[in-house]
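Line order of the protein sequences matches chains A and B. Counting along the first sequence from 1, when you hit position 93 you're at 93 in this note's numbering, and nothing is skipped either side. Counting along the second sequence from 1, when you hit position 251 you're at 251 in this note's numbering, and nothing is skipped either side. Ideal Cβ placement from N, Cα and C applies to all residues, glycine included. Only a predicted model underlies this, so the values are computations on that prediction, with no experimental measurement involved.
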Amino acid sequence: MGRLSQEHQRRLNLAAGYLAMALIVLVVGLPVWWMISGSLKTSREIYTFPPDWIPRNPRWSNFRDAWQSAPFDRFYLNSIITTVAGSALEVTNATLGAYALAFLRFPFKNVVFAILLAALMIPGQVTILPNYVFFGSTVYDLIGQSWVNTYQAIILPGASVAFGTFLMRQSFLGLPREVLDAAKVDGAGHLRTLWDVVLPMARPVIVTFGLISVVAKWNDYLWPLVITQTENMRTLTVGISSFYDLEGNTQWGVVMAATVFVIFPLLVVFVFVQRFIIEGLTSGATKG
Amino acid sequence: MASTTRRDQVTTYRGQTVVRGSSRRSRLDAQREWVLFILFMLPNMVLFGLFTFWPMVENVRLSTQRWDMISPVRLDVGLDNYRYLIDDETFHRVLRNTAYFTVAAVGFSLLIGLIVALLLNQPLKFRNGARAVVFAPTLLSGAAIGIVWSYIFDPRYGLMAQVLGWVSVSSPDWLNRPEWAMPAIIIVYVWKNMGFAAVIFLAGLQAIPRDLYDAAKVDGANVWWRFRSVTLPMLSPISFFLLVTSILNTFQAFDIIRVMTQGGPVDSTNTLIYYVYDQGFTYINAGRSAAAALVLFVLMMVITLVQLRFAEQRVHYG
């Protein structure tokens, strides 16, 4: 009888576990579903209470209306340009810096280390104002024109990297010594070793950091908000918020369709890469 | 840091290079590596200098000036901007809001994150899928998510009104009432960031050796006691890491607030980072913005230093 009730208890726990898990997935997923279903609703359906969970006649034209009421093609282009350029610079800087710290001799390595650590402690949010002044007045004084409202101004302050440099250095140091030594015996210089040996072996960490960087750049908001002034330079996140400021909460269907533009690409990418990102983040946290 | 280099003839020790033997080739090699090191590091260092370190210096200077960012004249006002902040009712409110937001957002994110992690640590099917779902909001744009939640909080037609309706509670006008706006922001923030804590906690749980639990079981510890005596202590380093990073992240939470409430109504969601932005780019008052930014920076610095202190102790302890 004892065994039976134990088995009974185990099943009960399991059922409770699944129930709790389903509840959590529901709570987390519901807002996203609300966005998707809202993006397919007519104004009439939006202003129905209680609301329909599934729009009866999906109104696909919300997407067309949203796309046409702000230059979303331009926002996309700007987001892609600044994300790709910014992340490429970040990954390059992190890779070169990590290689230098891990494998190259230098008398003041400690100083470089300390500088990177210090940089890690100054978040970009604290420096927006002086950076804005830099691109506005300082650059103007130097070259006779302001860089406010340009791609380079959006990209450059986020192009340097401390966290990624440390992350990659750590993983470079863990690469098998024999392979690196073999490259040396073959007479490979440092550039060859970096390109042909280190990069292929360290691909997982580079991909992980690259993904983290892309997500951060795609979602960046405060700096692009401050440094862009005309509609045609806005990135998606800034564009959607000014679109919402204008449309307000009268046209929820169209506004939700517009938010789908911003969120959908990342959600799709996430489905394929979530494992890399989660593993990258957790290994950083548990080992660090 | 001591590191041995490739031919063991040159050793860097505490930043000093010691050359053993006097092979000219190896010295030439070393110099070539120095040059390469500088080349590899230079772009990063220049960018940090221009856009991180120099702005910090410039920010201190700006904080002692009165300037509208247009006129060619910057008026030196000494510590007036700081005096203004000390006396300003709004700024006091901003500090209280920041404390409220940080404590609630971090507390709930970590608490719910831990509960979710404990659940996903059970041998359930689909738990990796659930982990992905829980983590997903972390990666979504705060600006877009803020807009979606503004619709959810719509007092008459929103999802929240519907859910509250099930338990016969009528929805407050979340974003237009001073007492409800901050809770609304906190709900969104916790929804978006709880998954990060959950995933990190889960990794911490999975790193706890099984035999610790087995030993506790042999000692007759029940579930709660095993949690108290094994899980919590083993999780404490990672909890501390999470606590600090979460606090630092909430200090930087801007997009959700900007999109949902713009610091309002009547400054009820105006936090430090929002105040910095608002003073600088709405009221075009560079000096006050810079002074507030410095306050924000010092706060974050203190928290980081405390963490480093404790992290060091942890190393000794472990």
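Item, Value
"Residues in the stretch 262 to 290 of chain B having any Cβ partner in chain A nearer than 8 Å", "Ile273, Val276, Tyr277, Gly280, Phe281, Ala286, Ser289 and Ala290"
"Other residues of its chain near Ile155 (chain A): CB distance less than 6 Å, five sequence neighbours each side excluded", "Thr82, Ala85 and Gly86"
"Coil, strand or helix - Gln170 (chain A) by DSSP", "helix"
"Contact residues within the stretch 157 to 173 of chain B, judged by C-beta distance below 8 Å to chain A", "Tyr157, Leu159, Ala161, Gln162 and Gly165"
"Own chain partners of Met234 (chain B) with C-beta closer than 6 Å, once the 5 adjacent residues on each side are dropped", "Ile208"
"Assigned secondary structure, Gly21 (chain B) (DSSP; H/G/I helix, E/B strand, else coil)", "Note on Gly21 (chain B): pLDDT 49, under 50, position unreliable in the model; the coordinate value appears next. Correct three-state label for Gly21 (chain B): coil."
"Any chain A beta carbon closer than 9 Å to Leu47 (chain B)", "yes"
"According to DSSP, residues forming a beta bridge with Asp76 (chain B)", "B:Gln65"
"Simplified DSSP assignment, three categories, for Leu140 (chain B)", "coil"
"Interface flag, Gly21 (chain B) vs chain A, CB-CB below 9 Å", "Residue placement at Gly21 (chain B) is poorly supported in this model, since its pLDDT is 49, which falls under 50; the coordinates still yield a value, given next. It does not; no Cβ of chain A falls within 9 Å."
"Opening and closing residue of the alpha helix (DSSP H) in which Phe91 (chain B) lies", "Glu89 to Leu120"
"Ala15 (chain A) to Thr138 (chain B) span [Cα, whole Å]", "28 Å"
"Reduced DSSP category for Met121 (chain A) - H, G, I as helix; E, B as strand; rest coil", "coil"
"Closer than 9 Å at the beta carbon, the chain A residues around Trp34 (chain B)", "Leu104, Arg105, Phe106 and Pro107"
"Residues, ordered as in the chain, of the stretch 135 to 152 of chain B that lie near chain A by beta-carbon distance below 7 Å", "Phe135, Ala136, Pro137, Leu139, Leu140, Ser141, Gly142, Ala143, Ala144, Ile147, Val148, Trp149, Ser150, Tyr151 and Ile152"
"Separation of Leu95 (chain B) from Thr64 (chain B), as counted between CA atoms", "21 Å"
"Beta carbon proximity, Leu246 (chain A) to chain B, threshold 9 Å", "no"
"Beta-carbon proximity list for Ile240 (chain A), same chain, < 6 Å, skipping 5 on both sides", "Ala258 and Val262"
"Cβ-based neighbour list, Trp60 (chain A), same chain, cut-off 8 Å, excluding 5 preceding and 5 following", "Leu40"
"Chain-ordered neighbours of Leu79 (chain B) on chain A, where CB pairs are closer than 9 Å", "Simply none; closest approach about 18 Å."
"Simplified DSSP assignment, three categories, for Ile256 (chain B)", "helix"
"Nearest candidate by alpha-carbon position, reference Asp68 (chain B), set B:Phe153, B:Ala198 and B:Ile284", "B:Ile284"
"Rounded straight-line distance, which links the Cα of Leu62 (chain B) to that of Gly280 (chain A)", "39 Å"
"Cutoff 9 Å: Asn59 (chain B) Cβ touching any chain A Cβ", "yes"
"C-beta atoms of Pro55 (chain B) and Thr127 (chain A) nearer than 9 Å", "yes"
"Backbone secondary structure at Asn78 (chain A) - three-state DSSP", "helix"
"Reduced DSSP secondary structure (H/G/I, E/B, other) of Ser3 (chain B)", "Confidence is the limiting factor: at Ser3 (chain B) the pLDDT is only 45, short of 50, which leaves the residue's position unreliable, though a coordinate-based value still follows. Here Ser3 (chain B) sits in strand by DSSP."
"Cutoff 9 Å: Ser61 (chain A) Cβ touching any chain B Cβ", "no"
"CA nearest to the CA of Asn57 (chain A), picked from A:Thr95, A:Asp196 and A:Ile46", "A:Ile46"
"Among A:Thr48, A:Asn131, A:Pro107 and A:Phe108, the one whose alpha carbon lies nearest that of Trp223 (chain A)", "A:Asn131"
"Contact with chain A by Phe240 (chain B), beta-carbon distance below 9 Å", "no"
"Beta-carbon contacts of Ser213 (chain A) that lie in its chain and below 6 Å, excluding the five residues immediately before and after", "Ser87 and Glu90"
"Contact set between Asn222 (chain B) and chain A, taken where Cβ atoms lie within less than 9 Å", "The premise fails here: Asn222 (chain B) is roughly 13 Å from chain A at the closest Cβ pair, so nothing lies under 9 Å."
"C-alpha gap between Gln9 (chain B) and Ala30 (chain B), whole angstroms", "For Gln9 (chain B), the pLDDT reaches just 47, beneath the cut-off of 50, and the residue's location in the model is therefore unreliable, although a value from the coordinates is still provided. If you take the alpha carbons of Gln9 (chain B) and Ala30 (chain B), they lie about 10 Å apart."
"Spatial neighbours of Met300 (chain B) in its chain, beta-carbon cut-off 7 Å, leaving aside the 5 residues before and after", "Leu248 and Phe251"
"Interfacial residues, the stretch 46 to 70 of chain A to chain B, with Cβ spacing under 7 Å", "Ile46, Tyr47, Phe49, Pro50 and Pro51"
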